[in-house]
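Please read the structure below before turning to the comments.
In the working numbering, the protein residues as written are 24 to 400.
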């Protein structure tokens, strides 16, 4: 399995940073007195899931689902686990002495990246709270080779499975009359927002968008720069409008009559618009793509995974150890929050995430998955 020749799409890498920045902004709103109600910033996670499905087909779309499965899995684990484990260690070192939410069972579940499968906030928000989405991604990776088989037949098959996944999960939540309150440890949030058994639908939609992108790229490449730029600007505007609309639809229309459907709409947002934006930016034809290809923005996109994992820990540490200062110096503290998050993410990327990727991959291929790969071949 060789993906070294795969074209790198700098614009999509940069967009990862802006999605991560929305999450950083969203988690800081309550602490720093910022209030935005027109759209739900959790939609950024939905964008990550759609983008993940799209990029994986771009990078691994030609793999043999049977022979290459374990090699693929080792590549994905080595991509995620170093920064994931390191930020988990930071959580234990800095926050465990002042928090009772750290015990052996939850530590094991987090270490194995399985917390998103446990329908309780005591588990999926334990240690590094945002890491639940990384746990969900790992489950997506297990499904990827098999979803790829469906995609090779037709993207409609995969979209059909995605629709069935959503209908099944929303129906289960409604029939079980699961609470839609975020303050309840076991609730519909654990199924419709956290669980990969539901969120895999967005991943499948991202996968299904890739053959559309390759089919449209020729026509998009023929557009002149002005028209291509207008199209790129239009899909960015559509993403914002879509987030505003789905938030309004969920909170003002659906919540009283169909609360479980409303919850799903609220957190996933305009998933299909996210997918459409990837189709457009895949062509890299307009001026927006050129701006997104600016090296500093691409680098911010490269460190966005570490930024996502680190930022909430920075905020929690600031509140735990410097709470009184923070509350009396909000503007300065807010700047410190961003600077520490981005600078810390760069350090984790340079010292942990990137250096440990290849050694871990070699170890997994030789010592853990080697025998399984040989039997599959």
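Virtual Cβ for every residue (Gly too), placed ideally from N, Cα, C. Since we're looking at a predicted model, the values are computed, not measured.
For residue 367, the enclosing alpha helix (DSSP H) covers residues 353 to 371. Counting only the Cα atoms, residue 32 lies some 36 Å from residue 115. Annotated as proximal: residue 290 and residue 69, with beta-carbon spacing under 9 Å. By the neighbour-count definition (other C-beta atoms within 10 Å, threshold 16), residue 60 is an exposed residue. By the Cβ criterion, the segment 183 to 202 is not in contact with the segment 41 to 55, since fewer than three pairs of Cβ atoms, one from each stretch, lie closer than 8 Å. When 117, 62 and 91 are compared, the shortest CA-CA separation from residue 337 is found for 117. Less than 9 Å separates the beta-carbon of residue 95 from that of residue 164.
Taking 9 Å as the cut-off, the beta carbon of residue 230 is found closer than this to the beta carbon of residue 79. Counting every other CB atom within 10 Å of its CB across the protein chains shown gives residue 309 a total of 16 or more, marking it as buried.
Just measuring C-alpha positions, the residue of 36, 141, 44 and 65 sitting nearest residue 362 is 44. Ranked by how close their Cα comes to the Cα of residue 232, the residues 75, 260 and 57 have 75 in first place.
Fewer than three Cβ pairs drawn from the segment 250 to 259 and the segment 96 to 105 lie within less than 8 Å of each other, which leaves the two stretches out of contact. For residue 230, the enclosing alpha helix (DSSP H) starts and ends at 219 to 244. Residues of the same chain with a CB within less than 8 Å of the CB of residue 215, apart from the 5 flanking positions on each side, are 192, 193, 196, 221, 283, 286, 287 and 290 in chain order. In the structure shown, residue 377 falls within a coil segment according to DSSP collapsed to helix, strand and coil. Residue 66 sits in a helix when the DSSP states are folded into three classes. With fewer than 16 other Cβ atoms inside 10 Å of its own Cβ, residue 52 counts as exposed.
The Cβ neighbour count for residue 151, taken over all protein chains shown within 10 Å, is at least 16; the residue is labelled buried.
Each residue's CA atom was taken as its position, placing residue 175 and residue 294 some 22 Å apart.
Nearest Cα to residue 106 within the set 389, 390 and 380: 380. 9 Å or more divides the Cβ of residue 298 from the Cβ of residue 243. Contact annotation, residue 159 with residue 144: C-beta distance approximately 15 Å; criterion of less than 8 Å not satisfied.
Across the structure, residue 373 and residue 353 are spaced so that their CA atoms are roughly 30 Å apart.
When the beta-carbon positions are compared, residue 199 and residue 184 stay at least 9 Å from each other.
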